Amino acid sequence: MQLAPEVFVVEPTLMVIGLDHRTAPLAMRERFFIAESRRYEVLRHLSSAEGIEEVAVLSIPCRTEFLIWASEPTLAANSLLHFLGTEHGLKLTEWEHFFRLLDDAALTHVFRVAAGLDSLVVGERAIVSQVRDAWEKARTVGACGPFLNAVLGKAVELAEVVHSQTGLGKDAVSFASAAVQSAQQVFGSLEGRRLLLLGTSKTAEASARLMMGDGASPVVVIDQSPQRARELAESLGASAATLAERWQSMLQADIVISATGCPHVVLTREEAEQHRRRRCSCRGKSGENDGSRSPRLRQEIAGARWGTDHRGASPQPGRVMPARTGFLYRGAGAVYPGAGSIATRNHSTGHTEDCQLPRPRTQGTSREGGTGAHECSGDALVPPGFAQHGACRHHFGEKEAGARW
57 MQLAPEVFVV EPTLMVIGLD HRTAPLAMRE RFFIAESRRY EVLRHLSSAE GIEEVAVLSI
117 PCRTEFLIWA SEPTLAANSL LHFLGTEHGL KLTEWEHFFR LLDDAALTHV FRVAAGLDSL
177 VVGERAIVSQ VRDAWEKART VGACGPFLNA VLGKAVELAE VVHSQTGLGK DAVSFASAAV
237 QSAQQVFGSL EGRRLLLLGT SKTAEASARL MMGDGASPVV VIDQSPQRAR ELAESLGASA
297 ATLAERWQSM LQADIVISAT GCPHVVLTRE EAEQHRRRRC SCRGKSGEND GSRSPRLRQE
357 IAGARWGTDH RGASPQPGRV MPARTGFLYR GAGAVYPGAG SIATRNHSTG HTEDCQLPRP
417 RTQGTSREGG TGAHECSGDA LVPPGFAQHG ACRHHFGEKE AGARW
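Counting from 1 along the sequence shown, just add 56 to a position and that's the residue number in the working numbering.
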């Protein structure tokens with residue numbers, strides 16, 4: 057595999073070759089992401105490759121870049137091309153997604169990246185630490201010599217000056233702060249909102265701590281490494297779970313923060329949307345009518361005339377008890393559909409009503425309830441590992457919200 061002619065150079069040159077959020081789609085960036093565990097190996101390999109004198113690698117979710125001081129730039133570029141083809145399956149048709157910068161353009165690019173000017177979130181401060189980390193790793197294995205030491209040292213220095221002496225990033229601009237702002241746009245106040253962290257990265261932890269500062273409560277931390285999950289969970293006052301338990305754990309959460317170091321997406325948009333449809337939250341947009349927090353609902357539950365179970369026993373407020381041939385649906389409790397019917401409280405009439413299920417169902421997973429009438433029927437899909445449930449329509453005063461669980 058040979059390099060495109062436009063980058064043929066014969067004298068020592070500073071080069072930056074890479075891809076980012078502007079030049080390559082997410083799926084491609086994932087393919088060329090270099091995991092933390094492989095960084096030293098890659099640096100050793102490239103630093104001994106033909107034409108390469110010094111090299112540093114910056115690989116984060118939105119970009120993977122190779123900073124090279126090349127004695128013979130064409131040979132160096134072909135060495136990198138060979139590495140990407142062998143290790144990451146690069147095809148010639150994909151080369152167009154990689155930018156190739158030389159000399160002044162390369163130097164300017166490094167400075168812009170370190171300062172956060174080239175970031176997806178302009179002005180983010182985390183990138184400075186990531187550039188510093190890439191520099192330290194290259195120095196550790198001897199891949200970074202006097203030239204790149206000077207370049208990266210100056211890039212980090214200038215980035216600090218930019219953030220301290222200008223208004224860039226003065227509002228703590230970062231992926232973490234952007235996540236907090238998004239959550240606030242949805243919920244308003246985050247007081248009492250429950251967090252689930254997918255990943256133990258610095259971004260995940262920073263997002264969680266920012267949201268906790270606004271009143272949110274951490275519930276579960278999930279990571280591929282159980283030890284890292286336990287350590288972060290302990291520091292946040294949360295519990296730890298495995299990646300396989302994420303669907304069940306997500307049922308407890310109002311906000312899911314996904315920020316891992318994995319080279320692939322662990323929670324896709326489609327999966328998140330499916331889970332939202334499956335989760336019966338029984339809430340209005342603002343989070344009112346949350347059964348777990350509504351005094352009115354708890355009072356109505358305590359005074360409701362619920363049907364007796366198949367043994368003739370009266371259910372206790374706040375508990376999920378069997379109805380005649382099914383199970384009671386409690387506003388602040390859960391639904392475990394069985395055969396036949398589910399007894400529900402109709403707040404518009406004040407009567408207990410039976411809602412028919414089409415066929416028997418095994419015990420499922422709990423769902424939060426809310427105030428209002430509940431009309432239950434039909435089937436719906438739920439996350440893997442859980443039973444199927446009925447469909448439910450919830451009335452909140454003049455508003456109506458349909459949901460499936």
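Note that CB positions come from ideal geometry on N, CA and C, so glycine has one too. Every value quoted in this text rests on a predicted model; they were computed, and no experiment measured them.
Pair within 8 Å by beta-carbon distance, L208 and L70: One thing to note: L208 has its Cβ no nearer than 8 Å to the Cβ of L70.
Rounded C-alpha distance that separates H331 from A315: Separation of H331 and A315 (C-alpha to C-alpha, rounded to the nearest whole angstrom) is 18 Å.
The region 278-285 contacting the region 216-225, beta-carbon criterion three pairs below 8 Å: The region 278-285 makes no contact with the region 216-225; the number of CB pairs closer than 8 Å stays below 3.
Same chain, Cβ closer than 8 Å to Y96, neighbours up to 5 away in sequence not counted: Correct list, in chain order: K193, T196, V197.
For P68 and P117, the rounded distance between their alpha carbons: Approximately 30 Å, taken between the alpha carbons.
Element boundaries [beta strand (DSSP E), containing P274]: Residues 273-278.
Buried or exposed by the 16-neighbour rule on C-beta atoms within 10 Å, applied to R78: With fewer than 16 Cβ atoms within 10 Å of its Cβ, R78 is classed as exposed.
Cβ pair L266, V312 closer than 8 Å: For the pair L266 and V312, the CB atoms are not nearer than the 8 Å cut-off.
Nearest-angstrom Cα separation, counted from F231 out to L163: Each residue's alpha carbon lies about 25 Å from the other.
Rounded Cβ spacing between T256 and A182 (contact assumed at less than 8 Å): With a Cβ gap of about 15 Å, T256 and A182 do not count as contacting.
Neighbour-count burial assignment, R423, 16 or more Cβ in a 10 Å radius: Confidence at R423 is low in this model, with a pLDDT of 35, below 50, so the placement of that residue should be treated as unreliable; the coordinate-derived value is given next. Taking every protein chain shown into account, the CB of R423 has 16 or more other CB atoms within 10 angstroms, so this residue is buried.
Beta carbon of F276 nearer than 8 Å to that of A297: At residue 276 the sequence reads Val, which differs from the Phe that was named. Result yes, Cβ atoms of V276 and A297 sit closer than 8 Å.
Closest residue to Q308 among G248, D174, T120 (Cα-Cα distance): In terms of CA proximity to Q308, G248 leads the group G248, D174, T120.
Residues of its chain near A234, where Cβ-Cβ distance is below 7 Å and the 5 sequence neighbours each way are ignored: The beta carbon of A234 sits closer than 7 Å to those of V177, all from its chain and outside the five residues before and after it, given in chain order.
Beta-carbon proximity list for F167, same chain, < 7 Å, skipping 5 on both sides: Cβ within range, chain order: A211, L214.
Contact belief for M84 with H165 at Cβ below 8 Å, rounded distance in angstroms: Between H165 and M84 the Cβ distance is about 19 Å, and since that is not below 8 Å, they are no contact.
Straight-line gap, G269 to Q241 (C-alpha atoms, nearest Å): One Cα belongs to G269, the other to Q241, and the distance between them is close to 16 Å.
For F474, three-class secondary structure by DSSP: This structure cannot settle anything about residue 474, because the visible part of the chain is limited to 57 through 461.
From G244, G271, A112, L131, residue whose alpha carbon lies closest to that of L123: Residue A112 is the option with its Cα nearest to L123.
Continuous beta strand (DSSP E) assignments of at least 3 residues falling wholly in the region 143-187: You should have 155-158.
Cβ-Cβ distance between A262 and L292 below 8 Å: No; because the gap between Cβ atoms is not below 8 Å, this pair is not in contact.
For L123, the three-state DSSP class (helix, strand or coil): In the structure shown, the three-state DSSP call for L123 is strand.
Check whether R119 and G74 have beta carbons under 8 Å apart: In this structure, the beta-carbon distance from R119 to G74 falls below 8 Å.
Check whether E109 and W125 have beta carbons under 8 Å apart: Against a cut-off of 8 Å, the Cβ pair of W125 and E109 comes out as a contact.
C-alpha gap between G172 and S115, whole angstroms: Each residue's alpha carbon lies about 15 Å from the other.
Extent of the continuous beta strand (DSSP E) run through G74: Note, G74: beta strand (DSSP E), 69-76.
Pick from A239, F139, L146 that is closest to L102, judged by C-alpha positions: Taking the Cα of L102 as reference, the smallest distance to any Cα among A239, F139, L146 is reached at F139.
Cα-Cα separation between L323 and E128, rounded to whole angstroms: Rounded to whole angstroms, L323 to E128 spans 43 Å at the Cα level.
Cβ-based burial, A91 [other Cβ within 10 Å; buried from 16]: With fewer than 16 other Cβ atoms within 10 Å, it is exposed.
S257 - DSSP class collapsed to helix/strand/coil: Coil at S257, not helix or strand.
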